[in-house]
Structures are given as structure tokens and as C-alpha cells.
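Chains as they are written, first to last, in this note's numbering: chain E, 1 to 475; chain S, 476 to 799.
Every residue gets a Cβ at the ideal spot worked out from N, C-alpha and C, and that includes glycine.
All values derive from a computational prediction rather than experimental measurement.
Structure, as C-alpha cells:
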Amino acid sequence: MATETAVDVVMPQMGVSVSEGTVTKWLKSEGEQVEADEPLLEISTDKVDTEVPSPASGTLTQIVVQEGETVEVGTKLAQIGGAPAANGQAQAPQAAPAEPATVEAAAESAAASGAEGETPTADVVEEARPAEPEPVPAPPAPAATAPTADATTDGKSFVSPVVARIASEHGVDPSQVEGSGRGGRVTKKDILNFIEQGAPAAASEAPPAPAPAAPPEAPPAPAAPAPPAAAPQPVVAEAGEQMEPMNAMRRGIAEHMRRSLDTSAHVTSAIEVDMSRVVAIRKKLKKEYEKDYGVNPTYLSFVARATVETLRDYPWINGEIRGEQIVTRNYVNLGFAVELTDGKGLIVPVLKHAEGLNLLGIARGVVDIAQRARDKKLTPDEVQGGTFTITNPGGYGTFHGTPVISQPQAAILGTYAVVKRPWVIQDDRGEDVIAIRPIMNLTLTYDHRLVDGALAGRFLRDLRERLETWDESAY
Amino acid sequence: MAEKTYLQAISDGLREEMRRDKRVFVIGEDVGVYGGAFKVTLGFQEEFGAWRVIDAPLSETAIVGGCTGAAIMGMRPVAEMQFADFISCAWDQLVTVAAKQRWRAGTPVPITVRLPSGGGFSGGPFHSQNPESSFAHIPGLKVICPATPEDAKGLLASAIQDPNPCLYFEHKHLYRRIKAEVPDERYETPFGKARMHREGDDLSVITWGAMVYTAEEAAQQLDGDGISVEILDLRTLVPWDKQAVLESVRKTSKVLVLHEDTHTGGFGGEIAATIGEEAFEELDAPVKRISAPDTPVPFSPQLEKAFIPQVEDVVASLRDLAEY
């Protein structure tokens with residue numbers, strides 16, 4: 001049921017500091033029916049790549065901003081319902097941004113931090129080899145929250161290759177089609193008949209679209225629809241060179257890295273940690289966690305858990321300089337730098353209130369956000385509000401690095417490969433002997449404006465102490 | 476046009492090639508005086524003489540080896556294996572010598588080996604096999620499996636004229652059972668071009684040889700239920716008509732590959748794999764295979780019936796595909 005009045009789809013505000021976004025893909029074409037909250041297009045901003053749901057049900061009457069164009073927040077992207085407008089002339093009501101406006105309280109997001117490629121889920125292995133992404137068992141979260149219908153319908157949920165192809169070519173959702181195959185599976189004939197009979201029939205059965213309620217803090221309507229971003233200055237490739245345009249994420253990373261180095265006084269301290277105890281405990285817990293929870297307790301989750309605990313004693317390292325004030329907190333929002341699968345981007349999803357999570361909770365949370373980061377399923381809220389960040393380039397075997405702080409935080413912890421090394425320890429009689437021990441280097445890169453070297457040293461010492469004497473009952 | 480049996484079509488085609496091309500000669504066990512175990516060459520020795528219709532000793536090695544040598548010297552020999560099963564004795568001559576000669580020395584080896592094959596009449600383990608996939612796996616050999624009298628004649632003419640060693644599998648169970656119109660004039664049926672045996676919309680059966688008729692009977696039964704079955708007769712396995720198969724897959728999206736040969740390593744696996752590779756996004760159901768089980772062919776009529784794919788097996792499998 002098409003809405004009578006036209007509703008505009010605008011470039012949503014994806015974070016306080018975000019001013020523009022790029023339309024990367026239209027999931028619907030002009031003339032197609034769309035349901036309220038159904039994914040309508042994909043956008044890319046310097047904070048996050050995400051899908052934008054439709055603000056209303058109706059016909060997509062006009063696409064104003066084409067794929068690849070970058071426009072300011074609030075710019076009209078398309079129109080749902082009504083008659084096709086002449087040409088992007090803004091319609092009467094400035095409609096809701098498709099995504100809820102960002103919570104004001106959320107501080108500057110942790111866009112991108114460490115410069116190396118980090119993979120939180122990649123385990124740091126003794127052999128110090130480039131880690132393949134740890135075979136992460138199906139994250140438990142979806143299993144718990146997925147509609148049970150999916151799990152119980154047998155044939156209905158399986159989409160054969162040809163049905164999937166036809167569905168994508170015609171923009172049809174196979175779940176809308178009545179299946180005549182075994183167990184209600186949608187066959188090729190079913191979907192072809194469905195399309196022949198005017199595919200989006202299903203859409204018209206939807207309840208009348210409520211006029212989208214404007215969220216409390218809709219972004220201010222821009223004075224005029226912004227023209228697409230100015231074309232980059234002409235840059236010429238020399239012989240043998242190739243050029244590709246920077247996407248929004250890359251521009252965001254570039255801007256943030258430079259700004260961070262211009263803002264904070266970066267200093268890095270490193271410490272070596274004997275991980276014997278963690279290795280032993282992890283070995284024991286791994287089976288249990290994987291069997292009972294489908295979660296792999298990675299070394300990263302041990303380090304994260306110990307870090308959260310240690311930060312309680314060092315509030316400035318979990319703090320921030322805001323104007324002339326020093327901000328400290330009674331909570332830890334832990335950011336994890338995640339390398340996107342194509343190796344061409346970095347995102348820092350945030351595990352909120354990590355101080356309330358035990359080892360299992362952190363392990364589960366890291367798997368979840370890392371996976372959703374790669375699937376581009378993070379909400380803007382989930383990449384903002386970090387108070388401290390961990391980056392894990394050790395998955396590739398590196399043993400040292402100097403990551404860049406995610407602004408406006410005060411520090412970033414780097415974790416590196418666990419490597420077996422000859423290590424001097426004392427035997428029972430107090431005599432020095434050489435033992436083979438799994439050693440992990442940790443670096444703390446801190447803003448020397450706020451954190452002095454001695455404080456950073458004490459933080460690293462305490463963190464090492466926690467890891468080397470890991471107390472199972474405490475975590 | 477005249478109606479002829481499958482056997483008569485082979486016999487007539489062979490005679491025609493011998494009449495028009497003096498390089499063509501026949502050699503095999505009992506092909507001369509006796510006229511061949513199945514009488515394909517009956518009367519040939521009277522017409523062409525003992526030098527062109529040669530009774531060979533019981534040595535398949537000698538028959539195929541002699542043919543290879545004669546072919547290299549410019550002749551176009553047609554060897555008859557009394558039963559396809561016996562070709563194992565000639566494996567070395569065929570696979571090591573004939574198949575590789577072109578690559579080793581650049582000389583063509585235009586031999587045709589006629590292979591009475593297949594079961595269905597209690598011939599037992601040594602007289603019923605369908606060893607086509609063994610030779611389809613050997614680069615340098617061509618594999619021909621006619622299903623109709625018309626193709627039997629046209630494909631034999633093409634095989635004799637082809638510069639490569641050709642294995643011509645003639646199905647014994649079709650010899651006198653299958654009758655159809657055959658053009659009177661000479662013609663060559665090209666290799667690598669499948670024959671659309673029957674057009675349909677819902678399911679595709681990819682097959683060859685005697686199984687074409689098994690599939691046809693099954694398709695007729697399903698017609699009554701409104702299930703429309705397409706049957707593609709490959710005619711030749713090397714080369715095989717991939718395009719025609721993929722086209723049929725695109726049309727119906729549900730495929731059964733059917734052959735009388737045993738299952739593991741049967742040529743149906745090659746076809747199913749190719750469909751998976753090249754038409755994955757066209758599939759609406761798993762690619763199915765029906766074949767004989769991985770055992771020797773049994774003597775007992777009841778067991779042989781259980782061994783060779785039957786019409787009811789094909790019907791059941793097609794129904795299952797239709798309902799998928």
C-alpha cells in the first residue's frame with residue numbers, strides 16, 4: 001500500500017562528526033515496492049559502512065543520488081510514494097533519516113586506530129605464524145536471537161542456486177514466495193510464477209505504512225540539497241602507475257590518523273609477558289567454551305579481560321583530555337581494531353561496559369563485533385564511545401609496533417604474537433635456569449600530555465602481573 | 476528412407492564405406508566366413524573378398540596392433556571385438572600405441588574399433604559390460620555410443636573417416652529390438668553434437684546408448700502426471716556436447732544423468748561435475764545420477780534386472796526430482 005504523501009529518504013547522520021556519506025549501492029530500483037524498514041540502499045561514511053532501511057512503505061518513485069556520489073548529511077537521496085518529483089527538488093516534509101540519529105552523548109567515535117592490520121579473532125599462536133582467522137564457531141548471539149521459525153522450517157529456508165540468482169536479478173525476497181517444493185521450498189517455477197504475476201504483490205499486503213515518526217533529534221535540514229561533493233583535484237598517473245579513488249572509509253582513516261598524531265604526544269612503552277599460565281588455562285577452557293558456548297577463548301580475550309581490570313587502577317589511561325579538563329570514568333568501553341576482509345579498511349567496534357563482562361562475555365563480544373564489522377552489520381552506535389582501544393597485529397607474527405591512538409582516548413594497547421623463547425627463571429632452590437616459555441610482547445602507546453612514562457610503566461607491570469598469575473576464580 | 480534395425484543400419488553403413496573407399500577393411504574373430512558373431516558382416520566376404528574381410532586369430536592384441544600398423548601405412552581398418560569386454564586384451568595397443576601415435580610422431584591412426592557392448596540378455600560378467608568411461612579417460616581416443624539406427628549408420632561413417640582411433644560402442648540390446656527409419660543415402664553424423672531425443676520443460680535426463688529408451692519409457696509414464704521430461708542423447712562421449720547439456724540445465728534446472736555403466740568413475744560423474752562447475756547458478760536441485768552398482772554384471776536374469784537401471788528406477792528418481 002503506497003503512502004499517499006511522498007516521503008524523502010535522506011543521507012542519515014551517522015555520527016556527530018560525520019558530515020557526508022557516499023551512496024555505494026541501491027538495493028531497490030525506481031518503480032519497485034519497498035517495505036518500511038526494509039534495506040533500501042548501502043552507504044559508506046568515514047565511520048561505518050551500513051545499510052539504510054526505508055523510512056516508509058511504498059513505491060520507490062525516484063532515486064536522486066546515484067551510486068558513487070557523495071553528498072552531505074540530510075541531502076535527499078530518494079523519494080518513496082507520491083508522484084516522481086521533477087528533479088531532486090526537496091519535498092515538503094523533511095523526513096526522518098533512515099537511521100536513528102546518533103546519541104548525542106556518544107563521544108567521538110573510535111574510527112580507526114592502529115595502523116597495522118589487526119584481527120581480534122585471529123588467535124596469537126605459539127608458532128608466530130600469520131594466523132588464519134580462527135575457525136570461529138557460529139557466534140552464539142545470532143543463534144540465541146534468530147527467529148526460531150528459521151530453525152524449524154525444513155525446506156522453506158533453503159534457497160537453491162537458481163532461485164537465489166533469479167531473486168537477486170529481480171530484487172525479490174524468496175521468503176515472500178509461496179513454496180511448492182519439498183518442505184515448502186521455493187522452486188524455480190514458484191519464483192518465476194511469482195515474478196510473472198507482479199512480484200511485489202507481497203508488499204501490498206503489508207499494513208499501511210505509518211507516517212515515519214520523526215526521531216526526536218532529526219538532523220537539521222540543510223538549507224538546500226547539497227550538490228555532490230566536488231570532484232577531487234585532477235591528479236595524473238605517471239607511466240606505470242594505476243589510480244583508484246579513495247573510498248569514504250579510507251579518507252576517514254587518513255584524516256583520523258593525521259589528526260591523532262597532530263593532537264596527542266605519542267610515546268610507546270613495551271613489556272614482555274610470560275603467558276605460560278594463560279596458555280595452560282586457555283587450553284583447559286577452550287574445549288569447555290567451545291562445547292558449551294560455541295566461543296573460542298582467544299588470547300586477546302584474556303588480555304582484554306586483564307586490561308579492563310587493570311584500568312580500574314589507572315583511570316587516566318582510560319580517560320581523556322577535554323578542553324582544560326581531565327575526564328575519567330567508572331566504566332570501560334573497549335574498542336577493538338578490526339581489519340576488514342578485503343584488507344582495505346579498518347574499523348573499531350566498541351564493546352560497551354566491558355567492566356561488567358567476565359572472560360566468557362568478552363570472548364563472545366569480540367567474536368560478535370568482529371564478525372559484524374566484516375559483514376558491515378555494525379550500527380553507528382557500536383563504533384562510537386570507546387574509552388580505550390586494543391589492537392592486535394600479532395596475528396601476523398609481529399612482535400612490536402607503535403599504533404596510533406584513537407582520538408580522543410588517552411592510550412592504545414598493542415598485543416603481539418605469542419612466541420616460545422628461552423627464558424631465565426629461578427628454580428626451586430632459587431638458582432637461575434633457562435626454560436622455554438611462551439612470551440607475548442605488549443605495547444602501550446599513550447598520550448604523554450596526560451600519561452607520564454612512569455604511570456604507563458606501572459600500568460604495564462600490573463597488566464603483566466595479572467596475566468602471569470591469572471586467577472581463574474577472579475575472572 | 477527405409478525402416479531398419481539398429482544392427483542392419485550398422486551393417487549397411489559399413490558395407491557402404493567399404494564400397495566407396497578401398498582403404499577400408501574389416502578384421503575380427505569370425506567376421507569372414509561366419510559373418511560375425513552377431514551377423515553384422517554377413518555376406519561381406521563374398522562381396523569384398525578374404526583380403527578385405529579378414530578372419531583373425533583369437534588375439535585382440537594382434538587385431539588392434541595390426542589395425543594400428545595398417546592405419547599408419549594409410550589404410551582405414553575397422554576392427555570388430557566379438558564382445559566389447561574383450562578389448563581389455565588390446566588395451567596396450569590402443570592406449571599405449573594408437574592413442575599416443577599422433578602426439579609422438581604426428582601420424583594419424585584412423586582405426587575404428589567396433590565394440591558390441593551392454594547387457595540385458597543374461598550375458599554375464601564377460602559379455603555385458605559398458606567400458607566406455609575407461610577409454611573416455613584416455614586422451615587421443617574418441618568414444619561413440621549411438622542409440623538410434625540412423626545415428627548408428629551416420630556415426631560409423633564419421634568414425635571411419637576420422638583420423639583418430641575411434642571406439643564405436645554398439646549396444647547389443649538394441650541390435651534387433653530397435654527399428655527406425657534410416658536415410659538411404661550416405662551421410663556422416665558429426666561427433667560432439669547431442670541429439671534432442673525429446674523436449675521437455677521440467678526435468679532433464681542426460682544419457683546415451685540403450686538408456687535413451689529406458690528414459691523414454693519413464694518420461695512417457697510421467698507425462699500422465701503432467702511432468703515434462705527432456706531427454707538429451709549425447710551420441711558421443713569424446714567429444715561430448717557440453718553446450719547442449721548446459722542449455723538443457725538452464726531450461727529445466729533439474730538434472731538426472733543416466734548410464735548403464737557402473738557408478739564410480741562412470742562418465743556421468745564428469746557430466747555432473749561440469750554442471751556443478753559451469754551451471755551452479757542454474758540448479759534448482761542436486762544433480763542426480765542413476766547407474767549400475769559397482770559390481771560385475773550378474774548372470775541371473777533377476778539379478779541382472781536389479782543391476783541394470785530399469786524404467787521404474789528412473790521414474791522414481793524423476794519423481795523425487797520433480798517434488799524437490
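Each residue's CA atom was taken as its position, placing F399 of chain E and L712 of chain S some 58 Å apart. In the three-state scheme derived from DSSP, where H, G and I count as helix and E and B as strand, D676 of chain S is classed as coil. Membership of Y416 of chain E in the beta strand (DSSP E) is indicated by the continuous run A411 to Q426. A Cβ of chain E is located within less than 8 Å of the beta carbon of S728 of chain S.
When secondary structure is reduced to three states using DSSP, R661 of chain S falls in the coil class, being assigned neither helix nor strand. Nearest to M440 of chain E by C-alpha distance, out of E:D432, E:G395 and E:D428, is E:G395. C620 of chain S sits in coil when the DSSP states are folded into three classes, being neither helix nor strand. When the Cα atoms are used, K617 of chain S and V588 of chain S turn out to be separated by approximately 10 Å. V338 of chain E is bridged by DSSP to E:I347.
It is roughly 11 Å from the alpha-carbon of A754 of chain S to the alpha-carbon of R165 of chain E. A straight line joining the alpha-carbon of D381 of chain E with that of Y331 of chain E spans about 17 Å. Look at the region 484–531 of chain S and you find these whole runs of beta strand (DSSP E), each 3 residues long or longer: 499–503 and 528–530.
Within 9 Å of the CB of S175 of chain E, no CB atom of chain S is found; the nearest one sits about 17 Å away.
Here T75 of chain E is near V10 of chain E, since their CB atoms are less than 8 Å apart.
Shown here, Y799 of chain S sits in coil according to DSSP, grouped into three states, outside any helix or strand.
Nearest in C-alpha terms to T739 of chain S, of all of S:I706, S:S792, S:R651 and S:S608, is S:S608. Contacts with chain S at 8 Å (Cβ-Cβ) include R165 of chain E.
A484 of chain S sits close to A627 of chain S, with the two beta carbons spaced by under 8 Å. With its beta carbon at least 8 Å from every one in chain S, V172 of chain E lies outside the interface. By the neighbour-count criterion, in which 16 or more other beta carbons inside 10 Å mark a residue as buried, E660 of chain S falls on the exposed side. For A78 of chain E, there is no enclosing alpha helix (DSSP H); the enclosing beta strand (DSSP E) covers residues K76 to I80. Burial state of S603 of chain S is buried, judged by a 10 Å Cβ sphere holding 16 or more other Cβ atoms. Boundaries for P640 of chain S: no alpha helix (DSSP H) harbours it, and the DSSP string shows neither H nor E there. Residue state for I783 of chain S is assigned as coil, using DSSP reduced to three classes. By the C-beta criterion, the region 723–737 of chain S is judged to be in contact with the region 763–771 of chain S, since at least 3 inter-stretch pairs fall below 8 Å. Residue-level contact check: V71 of chain E does not touch chain S, since none of the beta carbons of chain S fall below 8 Å from its beta carbon. The three-state secondary structure of K654 of chain S, taken from DSSP, is strand. Counting along the chain, the unbroken alpha helix (DSSP H) around D698 of chain S starts and ends at M686 to D698. Neighbours of V162 of chain E in chain S, taken as residues at a C-beta separation under 7 Å, are given in chain order as S728, E756, E757, L758 and D759. Using a CB distance cut-off of 8 Å, G181 of chain E counts as an interface residue toward chain S. In this structure, DSSP gives T389 of chain E an extended state, which the three-state scheme calls strand. Distance from the Cα of G540 of chain S is smallest, within the candidate group S:G518, S:G507, S:V724 and S:A554, for S:A554.
Secondary structure note for S728 of chain S: it is in no alpha helix (DSSP H), with a DSSP letter that is neither H nor E. Shortest Cα-Cα distance from S269 of chain E to any of E:E30, E:V451, E:V383 and E:V52 involves E:V451.
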